[in-house]
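Under our numbering, the first residue of the sequence shown carries the number 127, and numbering increases by one thereafter.
Even for Gly, the Cβ is constructed at its ideal location relative to N, Cα and C.
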Amino acid sequence: MSNPDRIAFFLLKPVARACKEFDLLTEGDRVAVAVSGGKDSRALLQLLLRYRRKAGCHYDLLALHVVGTAAGFPDLRPELGPWFQAQGVEHHFTLLELGPDESLPLNCFRCSWNRRKALFTAAVELGCNKLAFGHNADDAASTTLLNLLFTGKLETMAPRVEFFTGSVTVIRPLIYVPEKELAYYGRAAGFPDHPLCPQGLTSKRAQMKALLRQFGRDQKQIRANLWRAARQTMGF
127 MSNPDRIAFF LLKPVARACK EFDLLTEGDR VAVAVSGGKD SRALLQLLLR
177 YRRKAGCHYD LLALHVVGTA AGFPDLRPEL GPWFQAQGVE HHFTLLELGP
227 DESLPLNCFR CSWNRRKALF TAAVELGCNK LAFGHNADDA ASTTLLNLLF
277 TGKLETMAPR VEFFTGSVTV IRPLIYVPEK ELAYYGRAAG FPDHPLCPQG
327 LTSKRAQMKA LLRQFGRDQK QIRANLWRAA RQTMGF
């Protein structure tokens, strides 16, 4: 096996664990994968394609990218279009539409809210019942810290959340995969290594991830403890 194939082989284990533990994928699903263009979302798309072959569970996959030029982000269609075609996957681009009261630059909350609105709208229009995000184990841990330190709540990202009375379900198949391993896979697969968000290195979430990295080898146990505590509180 080539290097990316060998790494993917091991990454599929935590992906399969999450899919089975939280019933993320079922026969006949039509899954929109939110692909920003970064390493996590690209890895998610490729791993779900591999998992479909391995698990023998038939589900439709399509890639969905929000074009954020209205918010000042670069147009990645010339880069992502050929890459999607090389994966052999159905793909769609949807424009980020901002209201007249939206001023630039968008803060993190407004940017995320508008992007998710675009993704949900497109997923429904394309007949998808699942919307997959590339949030990983470090994202879950940093979310727990953010909520605990800034809102006083012990909550994290749920691996499965239903919206619109169950017509669309958000799933996070990478929830057990550490960010470091996704970065390793991304380098082996030749994914571009550039931040897609101008505030990605200075946001509160980035600060939480930097805090976790200070614990070195203890990160793994800390992530597990945060996850277990948040799960007990949230009841999933």
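Cross-strand partners of residue i (DSSP beta bridge)
i: Asp-186; result: Arg-156
i: Val-287; result: Val-296
i: Val-161; result: Beta-bridge pairing links Val-161 to no other residue.
i: Val-250; result: In DSSP, Val-250 forms no bridge with anything.
i: Val-141; result: DSSP lists no partner for Val-141.
Cβ shell of residue i (< 6 Å), same chain only, five flanking positions each side left out
i: His-191; result: Val-161, Leu-206 and Phe-219
i: Ala-181; result: none
i: His-217; result: Ala-189 and Phe-210
i: Leu-232; result: Ala-197
i: Ile-297; result: Leu-150, Lys-256, Ala-258 and Arg-286
Cut-off 7 Å between Cβ atoms - residues of its own chain near residue i, not counting five sequence neighbours on either side
i: Leu-274; result: Leu-280
i: Leu-272; result: Lys-330, Arg-331 and Met-334
i: Ala-266; result: Thr-282, Met-283, Ile-301 and Trp-353
i: Leu-137; result: Leu-173, Val-303, Glu-307 and Tyr-311
i: Ala-140; result: A small correction: the amino acid at residue 140 is Pro; Ala does not occupy that position in the sequence shown. Within the same chain, Pro-140 has close Cβ partners Tyr-302 and Val-303.
Under the three-state DSSP convention, the category residue i falls into
i: Phe-219; result: strand
i: Lys-279; result: coil
i: Leu-257; result: strand
i: Val-303; result: coil
For residue j and residue i, the rounded distance between their alpha carbons
i: Phe-341; j: Ile-301; result: 20 Å
i: Gln-213; j: Ser-268; result: 31 Å
i: Pro-118; j: Val-193; result: The structure shown does not extend to residue 118, since the chain is modelled only from 127 to 362, so the question has no answer here.
i: Cys-183; j: Thr-152; result: 7 Å
i: Gly-154; j: Arg-236; result: 34 Å
i: Gly-292; j: Leu-257; result: 12 Å
i: Phe-290; j: Cys-234; result: 24 Å
i: Val-159; j: Leu-187; result: 7 Å
i: Ala-142; j: Gly-278; result: 32 Å
i: Ile-348; j: Val-287; result: 24 Å
i: Asp-344; j: Ala-314; result: 26 Å
i: Glu-228; j: Leu-175; result: 37 Å
i: Pro-130; j: Val-157; result: 24 Å
i: Leu-337; j: Thr-195; result: 32 Å
i: Asn-240; j: Val-294; result: 17 Å
i: Arg-179; j: Leu-230; result: 43 Å
i: Gly-316; j: Pro-299; result: 22 Å
Other residues of its chain near residue i: CB distance less than 8 Å, five sequence neighbours each side excluded
i: Gly-163; result: His-191, Leu-202, Glu-205, Leu-206, Pro-318 and Leu-322
i: Tyr-310; result: Ile-133
i: Leu-270; result: Note that residue 270 is Thr in the sequence shown here, rather than Leu. Excluding positions up to five away in sequence, the list reads Leu-280, Glu-281, Thr-282, Leu-352, Trp-353, Ala-355 and Ala-356.
Requested in this report: Assess, as a yes-or-no matter, whether the region 203-215 is touched by the region 163-176 under the definition of 3 or more beta carbon pairs within less than 8 Å.
Outcome: yes
Query raised in the report: Does the region 236-248 come close enough to the region 134-148 that 3 or more CB-CB pairs lie under 8 Å?
Result: no
Query raised in the report: Should the region 221-232 be regarded as contacting the region 249-266, the criterion being three or more beta carbon pairs within less than 8 Å?
Result: no
Query raised in the report: How do the region 250-259 and the region 192-201 stand: do at least 3 beta-carbon pairs fall below 8 Å, yes or no?
Result: no
Query raised in the report: Using 8 Å as the threshold, is the region 350-360 in touch with the region 281-288, meaning 3 or more CB pairs across them?
Result: yes
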